[in-house]
């Protein structure tokens with residue numbers, strides 16, 4: 053009988069913080085920019101330059117720590133992690149080994165297996181390294197220090213995850229919390245959220261952990277899931293054939309769906325850590341901690357519970373709307389103006405989602421104002437415009453954030469609600485289509501659809517379909 057194995061996974065998640073400037077200097081953190089233009093003597097490691105800590109970095113780290121149920125280390129400090137690499141200008145990285153700012157936290161995830169708490173060992177602040185660009189044409193590597201000194205927090209989990217599904221649920225939960233806090237945009241494709249996967253396998257029921265490997269270069273949830281599956285299989289194959297798993301860092305190639313060894317795994321002593329002599333310890337007073345705590349926004353779980361109580365909208369709608377803080381803000385602000393949660397939810401769930409998909413956009417990219425969405429809903433609800441015109445106008449609101457009232461007025465899109473004029477047009481249509489009238493009277497009730505369509509065409513789409521249906525039914529059955 054073949055052995056059964058359990059996968060044990062812990063993650064190191066690096067998150068670039070959304071500060072305007074770097075962690076120890078005033079250079080811009082903006083993504084993009086020509087190579088080496090967001091640099092100064094501090095972030096390029098020039099001799100004699102001195103780092104000065106960015107207060108906002110500490111506040112974001114505290115906020116993430118509080119939201120993930122961590123204990124905040126009120127006396128913490130920075131250490132130097134010494135290693136040579138071409139994109140590391142000082143030959144050391146300023147990080148936190150001995151006294152990380154946050155410790156012993158947890159987040160709750162939900163998968164098909166149910167709810168589970170994932171422990172967070174620590175969160176520490178550090179600076180990012182530069183970026184090597186490999187030029188195949190000239191067979192050389194160039195270095196861009198724009199990213200060097202960008203503030204990071206590293207969130208180190210406990211080895212509590214047992215499957216790719218749990219890993220993705222944990223990452224999505226972290227991303228949601230951090231986005232709600234405004235601490236980072238967490239865009240995996242731009243590298244503002246990166247995960248390294250520590251994975252080992254052991255026989256089911258075994259107490260001891262197996263030998264772990266660390267996988268780097270994972271920049272999408274799909275790549276992470278594929279890398280976990282592949283590494284699990286690789287380690288099981290080694291153990292089944294009587295070989296040993298070597299503790300090492302591996303690099304994942306997502307196009308080939310294959311990982312290869314980068315280097316044997318170092319331990320903390322290999323980095324010769326020592327306290328950074330240029331930076332004073334960080335003292336977080338009770339008052340400062342309380343100030344950050346008071347500024348904490350309502351997070352998604354609390355928001356979902358409140359929506360279920362306050363607004364009569366389906367649970368599915370609530371989960372979609374709150375999946376993006378920006379979308380939730382638009383929903384709440386629009387409801388505050390027009391006081392119609394169900395209609396606001398419908399417009400966001402149907403038309404907004406359709407247009408986001410068509411334009412390949414994220415909810416964070418929505419640019420229309422709640423005021424204009426509220427105006428559109430009021431125009432549709434008071435039947436000033438009919439539903440098909442409302443959808444047409446919404447596309448303009450979505451693209452250009454136009455004022456729907458002015459747009460409807462300017463383009464003459466108001467619905468024709470004059471029953472006398474509408475009845476006269478319908479009588480003409482009925483007279484011109486005897487076959488459809490006969491079909492309807494012979495029991496083919498669907499024939500009314502053709503007559504409604506012809507009337508709408510004649511009215512240039514500006515009539516109320518409900519009113520047309522009513523008048524037609526009166527005439528045909530009269």
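Residue numbers (the working numbering): 53 to 530.
Glycine included, every Cβ here is placed at the ideal spot set by N, Cα and C.
Note that the structure is a prediction, hence the values are computed from the model and not measured.
First and last residue of the uninterrupted alpha helix (DSSP H) at residue i
i	result
residue 166	Careful: residue 166 lies outside any alpha helix (DSSP H), inside the beta strand (DSSP E) at 166-179.
residue 486	486-493
residue 371	367-373
residue 338	338-347
residue 518	517-529
Candidates the options: closest to residue i by CA position
i	options	result
residue 479	459, 419, 521	521
residue 290	322, 417, 253, 129	253
residue 299	292, 285, 326, 267	267
residue 379	362, 408, 361	408
residue 483	528, 230, 352, 191	528
residue 330	450, 97, 89	97
residue 119	443, 232, 146, 420	232
residue 304	275, 296, 285, 328	275
residue 184	463, 197, 375, 173	197
residue 194	406, 138, 67	138
residue 314	307, 301, 129, 189	301
residue 221	168, 431, 56, 245	168
residue 7	316, 311, 143	Coverage of the chain is limited to positions 53 through 530, which leaves residue 7 absent and any answer about it impossible.
residue 141	129, 187, 88	88
residue 347	433, 115, 465, 104	115
Beta-carbon gap between residue i and residue j smaller than 8 Å
i	j	result
residue 161	residue 65	no
residue 210	residue 166	no
residue 438	residue 515	yes
residue 428	residue 393	no
residue 150	residue 180	no
residue 341	residue 126	yes
residue 83	residue 201	no
residue 461	residue 481	no
residue 269	residue 243	no
residue 59	residue 106	no
residue 62	residue 241	no
residue 415	residue 376	yes
residue 420	residue 383	no
residue 388	residue 435	no
residue 365	residue 356	no
residue 90	residue 80	yes
residue 433	residue 395	yes
residue 459	residue 448	yes
Rounded separation between residue i and residue j - CA only
i	j	result
residue 158	residue 122	7 Å
residue 517	residue 476	15 Å
residue 499	residue 488	6 Å
residue 69	residue 156	21 Å
residue 101	residue 235	28 Å
residue 228	residue 92	33 Å
residue 413	residue 373	15 Å
residue 53	residue 279	The predicted position of residue 53 is uncertain, since its pLDDT is 43 and thus under 50; a value taken from the coordinates is nonetheless stated next. Their backbone Cα atoms lie some 27 Å apart in a straight line.
residue 109	residue 153	11 Å
residue 446	residue 397	14 Å
residue 281	residue 259	22 Å
residue 292	residue 256	14 Å
residue 505	residue 492	15 Å
residue 431	residue 214	52 Å
residue 297	residue 307	24 Å
residue 224	residue 339	32 Å
residue 67	residue 507	58 Å
residue 494	residue 403	38 Å
residue 497	residue 352	48 Å
residue 360	residue 354	10 Å
residue 273	residue 311	16 Å
Range of the contiguous beta strand (DSSP E) that encloses residue i
i	result
residue 155	154-163
residue 183	183-187
residue 268	265-270
residue 255	245-255
residue 146	144-147
residue 313	310-316
residue 66	57-68
residue 302	300-305
residue 203	203-209
residue 194	192-196
residue 134	131-134
Anticipated Cβ contact below 8 Å, residue i with residue j, distance rounded
i	j	result
residue 134	residue 324	5 Å
residue 263	residue 218	About 21 Å; that fails the 8 Å criterion.
residue 349	residue 386	About 19 Å separates the two Cβ atoms, so there is no contact after all.
residue 230	residue 113	The Cβ separation is near 11 Å, so there is no contact.
residue 145	residue 178	6 Å
residue 192	residue 334	That belief does not hold up - the Cβ atoms of residue 192 and residue 334 are roughly 40 Å apart, past 8 Å.
residue 55	residue 203	Contact flag wrong, Cβ pair sits at about 45 Å.
Any non-hydrogen atom of the ligand NAD closer than 7 Å to residue i Cβ
i	result
residue 228	Inclusion of the ligand NAD in the displayed structure is not the case, the ligand content being empty and no account of it being possible.
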